[in-house]
Amino acid sequence: MTAPNPALKRSIGSVLLTLYGVGTILGAGIYVLVGEVAGRAGIYAPLSFALAALLALFSAFSYAELAARFPVSAGEAVYVEEAFQKPGLSALIGYLVVTIGLVSSATLVHGFTRYLGVFVIVPDWLVLGSVTLCLGLIAIWGVKESLSIAAIMTLVEVFGLLLVVWVGAHNMLERGIDPTISAGL
């Protein structure tokens, strides 16, 4: 009698993974923080986003190189293990990655709660709890299913951004830039 093969089946492709990453960046970096950035940077907000994108590009290229060199699961933990040969440090990095995921999710849920509060008066605790529960149930449903939902949400986010850019560019070309806009500095 042969033992069953316990290996996990790969179900995430590069398209779903890319859309997941883009969705997280757009959700946390653009939709949640754009008001704060615009308030501080004023008319220089697009420049600050472009600079942040350039800096993020260096991380993206580093991750692409590491992923090509070590094509296994566990990402950052594997990279640290390979670089330093310290299993304890690798485990710490793994726990930190999980913590970062939780904080990122909390940021997105908090941002959603703030935006929803503009349109509907609902207690924050109810929205936070409900959205967190829904996200947890989607995650339990399955990796491929949850990433598929994230991909759909990413496409909606991209469409929303393109719509805002189109309307803003149209208005700017029609009216010009208002010189009284604060530089935010």
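According to the working numbering, the sequence shown holds residues 1235 to 1419 in order. Just so you know, even glycine gets a beta-carbon here, dropped at the ideal spot from N, CA and C.
Over what stretch of residues does the alpha helix (DSSP H) that includes residue i continue unbroken?
{"i": "R1274", "result": "1268 to 1275"}
{"i": "L1260", "result": "No alpha helix (DSSP H) holds L1260; DSSP gives it neither H nor E."}
{"i": "R1409", "result": "1377 to 1409"}
{"i": "I1327", "result": "1321 to 1353"}
{"i": "A1302", "result": "1279 to 1303"}
{"i": "V1306", "result": "Run containing V1306: none; DSSP gives neither H nor E here."}
Tell me, to the nearest whole angstrom, how far the beta carbon of residue i is from that of residue j; I am working on the premise that it is less than 8 angstroms.
{"i": "A1384", "j": "Y1254", "result": "5 angstroms"}
{"i": "A1279", "j": "A1286", "result": "Not a contact, Cβ separation roughly 11 angstroms."}
{"i": "V1356", "j": "L1362", "result": "That belief does not hold up - the Cβ atoms of V1356 and L1362 are roughly 10 angstroms apart, past 8 angstroms."}
In chain order, what residues of the same chain have a beta carbon less than 6 angstroms from the beta carbon of residue i, not counting five sequence neighbours either side?
{"i": "L1300", "result": "Y1313"}
Counting only the same chain and skipping the five closest in sequence on each side, list residues whose C-beta sits under 8 angstroms from that of residue i.
{"i": "G1269", "result": "none"}
Just to confirm my understanding: we take residue i, look at its own chain, exclude 5 residues before and 5 after, and list those with CB closer than 7 angstroms. What are they?
{"i": "A1340", "result": "none"}
_Three or more C-beta pairs below 8 angstroms linking the region 1338 to 1348 and the region 1254 to 1273_ = A contact exists between the region 1338 to 1348 and the region 1254 to 1273.
*Can you find at least 3 beta carbon pairs, one from the region 1371 to 1386 and one from the region 1302 to 1322, that sit closer than 8 angstroms?*
Too few Cβ pairs lie closer than 8 angstroms, so no.
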